[in-house]
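Enquirer:
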Amino acid sequence: MSTGNHQIEEANEHSHQHAHGHSHAVAINKENKNVFLIGIGLNLAFVLAEAIAGIAYNSMALLTDAGHNLSDVASLVVSLVAFWIAKRPSNAVYTYGFKKTTVLAALANAVTLLVAVGVLGFESFTRLLHPEVVSGGVIAWVAALGILINGITAFLFFKQKHELNSKAAYLHLLADALVSLGVVIAGVVISYTQLYWLDPAIGIVIMIVILVSTWGLLRDSFKMTIDAVPEGIELDAIKKIITSVPYVKQVQHVHVWSLSTTENALTAHVVIDEQLSFDQKLDVIANIKHELEHHDIHHSTIELEKTSH
1 MSTGNHQIEE ANEHSHQHAH GHSHAVAINK ENKNVFLIGI GLNLAFVLAE
51 AIAGIAYNSM ALLTDAGHNL SDVASLVVSL VAFWIAKRPS NAVYTYGFKK
101 TTVLAALANA VTLLVAVGVL GFESFTRLLH PEVVSGGVIA WVAALGILIN
151 GITAFLFFKQ KHELNSKAAY LHLLADALVS LGVVIAGVVI SYTQLYWLDP
201 AIGIVIMIVI LVSTWGLLRD SFKMTIDAVP EGIELDAIKK IITSVPYVKQ
251 VQHVHVWSLS TTENALTAHV VIDEQLSFDQ KLDVIANIKH ELEHHDIHHS
301 TIELEKTSH
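Heads up: the sequence shown begins at 1 in UniProt numbering, then just goes up one per residue.
Dropping the structure here:
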């Protein structure tokens, strides 16, 4: 056996020993499902309570916040449905399956939050010009309940926020908790001072905070939607990794994109030492794929080229 053949088989054996256990497949496990269901149930119950209180005490602040929270419940439902759809197997039409729906759900969540913030911002500026008399005590107590509800559900999602849809849900709930905190502060101050303009003023400040926190989510999900190189992956670094594999002479036409919020794919053309047999070249390709798995690329297609173009 030649030295080159021995090196390739040795590396390939190492690849088979370590290639397992790196999967980041999109799946909704029991814990994920329960977190989403708990979040939906708790927030839907709070929306109903907040809307009833808003109607009973003629509080537009509570009614507006209830509408905002209702949009978040809808976002949680969209994320949960996207996870379920992503589990469906691929077929002759959707050859990659439905994992991309998780990316669309993340983008929808970001856009929904920005739209909700826009509505709240408009209301806040309107009320800043024309303050309304409200019951500060009722507003503070109902908003305090919102902090508790959103805090509990945000904590549940915090442990899984590395995944984009869980991050989207976490940001939604955290933003809601911040909104509720601002409303509590405004309610307490209004109760003692009757400075009704404080409510919309705090709302405007919180709106800015939410916009800043949502920008990253919107950017990442949009880039995934148009198949940009995933966050955290440098294309030049990937090319160097491929060419560092023994017997790889050149790499061309490298494309990296996101299959879902947790999976990345790659296609590339490689020029391999012509002295190797076909089977040896296949071993080199296996070694390339193994190296890519260590850099969060678990779906790779490598095409052989005879010479560089």
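Using N, Cα and C, we set each Cβ at its ideal position, and we do this for glycine too. These figures come from a predicted structure and were not determined experimentally.
For a quick check, are the C-beta atoms of Ile38 and Leu129 less than 8 Å apart?
Expert: Going by C-beta atoms, Ile38 is not nearer than 8 Å to Leu129.
Enquirer: Is the stretch 226-245 close to the stretch 180-196, with three or more CB pairs under 8 Å?
Expert: No: fewer than three Cβ pairs fall under 8 Å.
Enquirer: Mind checking who His299 pairs with in its DSSP beta bridge?
Expert: Its beta-bridge partners are Ala265.
Enquirer: Can you name the start and end residues of the beta strand (DSSP E) that Trp141 belongs to?
Expert: Here Trp141 belongs to no beta strand (DSSP E); instead the alpha helix (DSSP H) covers Gly136 to Phe158.
Enquirer: Nearest-angstrom Cα distance between Leu63 and Thr262?
Expert: In a straight line, the C-alpha of Leu63 is about 37 Å away from that of Thr262.
Enquirer: I need the boundaries of the alpha helix (DSSP H) containing Gln250, first residue and last residue.
Expert: Looking at the DSSP string, Gln250 is not in any alpha helix (DSSP H); the run it does join, the beta strand (DSSP E), is Val248 to Ser258.
Enquirer: For Asn34, which option in Leu76, Glu231, Gly136 and Val117 has the closest C-alpha, if you only look at C-alpha atoms?
Expert: Looking at the Cα atoms, Leu76 is the closest of the given residues.
Enquirer: Measuring only the C-alpha atoms, how far is Ser180 from Ala143?
Expert: Ser180 and Ala143: Cα-Cα distance of roughly 5 Å.
Enquirer: For the stretch 294-305 against the stretch 262-275, are there 3 or more C-beta pairs whose distance is under 8 Å?
Expert: Yes, the stretch 294-305 is in contact with the stretch 262-275.
Enquirer: Once you ignore the five residues that flank Val47 on each side, which residues in its own chain have a CB closer than 8 Å to its CB?
Expert: Cβ neighbours of Val47 beyond the five flanking positions: Ala66, Asn69, Leu70 and Val73.
Enquirer: In terms of residue numbering, what span does the alpha helix (DSSP H) encompassing Asn109 cover?
Expert: Counting along the chain, the alpha helix (DSSP H) containing Asn109 begins and ends at Thr101 to Leu129.
Enquirer: Which stretch, first to last residue, makes up the alpha helix (DSSP H) that contains Val212?
Expert: Counting along the chain, the alpha helix (DSSP H) containing Val212 begins and ends at Leu198 to Thr225.
Enquirer: Please classify Glu178: does DSSP put it in a helix, a strand, or coil?
Expert: The displayed chain sequence assigns Leu, not Glu, to residue 178. In the structure shown, Leu178 sits in a helix (DSSP, three-state: H, G or I).
Enquirer: For the alpha helix (DSSP H) containing Val280, name the first residue and the last one.
Expert: The residue you asked about is not Val; residue 280 is Gln in the sequence shown. That run of the alpha helix (DSSP H) goes Phe278 to Glu293.
Enquirer: Pull the bridge partners of Ile272 from the DSSP assignment, please.
Expert: Its beta-bridge partners are Val248.
Enquirer: DSSP three-state label for Leu304, please.
Expert: Three-state DSSP puts Leu304 in a strand.
Enquirer: Between which residues of its own chain and Glu123 is the CB-CB distance below 8 Å, once the five residues before and five after are set aside?
Expert: Correct list, in chain order: Met60, Thr64, Pro200 and Gly203.
Enquirer: With a threshold of 16 other CB atoms inside 10 Å of the CB of Thr214, please say whether the residue is buried or exposed.
Expert: With 16 or more other Cβ atoms within 10 Å, it is buried.
Enquirer: Are residue 374 and Leu104 close, meaning C-beta to C-beta below 8 Å?
Expert: Any answer about residue 374 is impossible in this case: the structure gives the chain only from 1 up to 309.
Enquirer: Applying the 10 Å Cβ sphere with the 16-neighbour rule, what's the burial state of Val256?
Expert: Label assigned to Val256: buried.
Enquirer: Nearest-angstrom Cα distance between Val26 and Tyr94?
Expert: The pLDDT assigned to Val26 is 36, lower than 50, so where the model puts this residue is not dependable; a value taken from the coordinates is nonetheless given after this. The straight-line gap from Cα to Cα measures roughly 16 Å.
Enquirer: Give every residue of the same chain whose Cβ lies closer than 8 Å to the Cβ of Thr126, excluding the five residues on either side of it in the sequence, and list them in chain order.
Expert: Cβ within range, chain order: Pro200.
Enquirer: On the premise that Ala175 lies in contact with Ile210, defined as a C-beta separation below 8 Å, what is that separation, rounded to the nearest angstrom?
Expert: With a Cβ gap of about 5 Å, Ile210 and Ala175 count as contacting.
Enquirer: Could you spell out the range, first to last residue, of the alpha helix (DSSP H) harbouring residue 338?
Expert: Since the first residue of the chain shown is 1 and the last is 309, residue 338 is not available in this structure.
Enquirer: With H, G and I counted as helix, E and B as strand and the rest as coil, what does DSSP make of Leu173?
Expert: It is helical.
Enquirer: What is the rounded straight-line gap between the Cα of His295 and the Cα of Pro89?
Expert: Distance between the alpha carbons of His295 and Pro89 is about 25 Å.
Enquirer: Any idea what DSSP makes of Lys87, helix, strand or coil?
Expert: If DSSP states are grouped into helix, strand and coil, Lys87 belongs with coil.
Enquirer: Take the Cβ of His14 as the centre, count every other Cβ of all protein chains shown within 10 Å, and call the residue buried at 16 or more, exposed below.
Expert: At His14, the pLDDT of 42 sits below 50, so the modelled position is not reliable and the matter cannot be decided from this model.
Enquirer: Excluding sequence positions up to five away, which residues of its chain have a Cβ less than 6 Å from the Cβ of Thr101?
Expert: Excluding positions up to five away in sequence, the list reads Ala82, Ile85 and Ala86.
Enquirer: Taking the alpha-carbon of Ile288 as reference, which of Lys239, Thr307, His253 and Phe278 has the nearest alpha-carbon?
Expert: Among Lys239, Thr307, His253 and Phe278, the Cα nearest to that of Ile288 is on Lys239.
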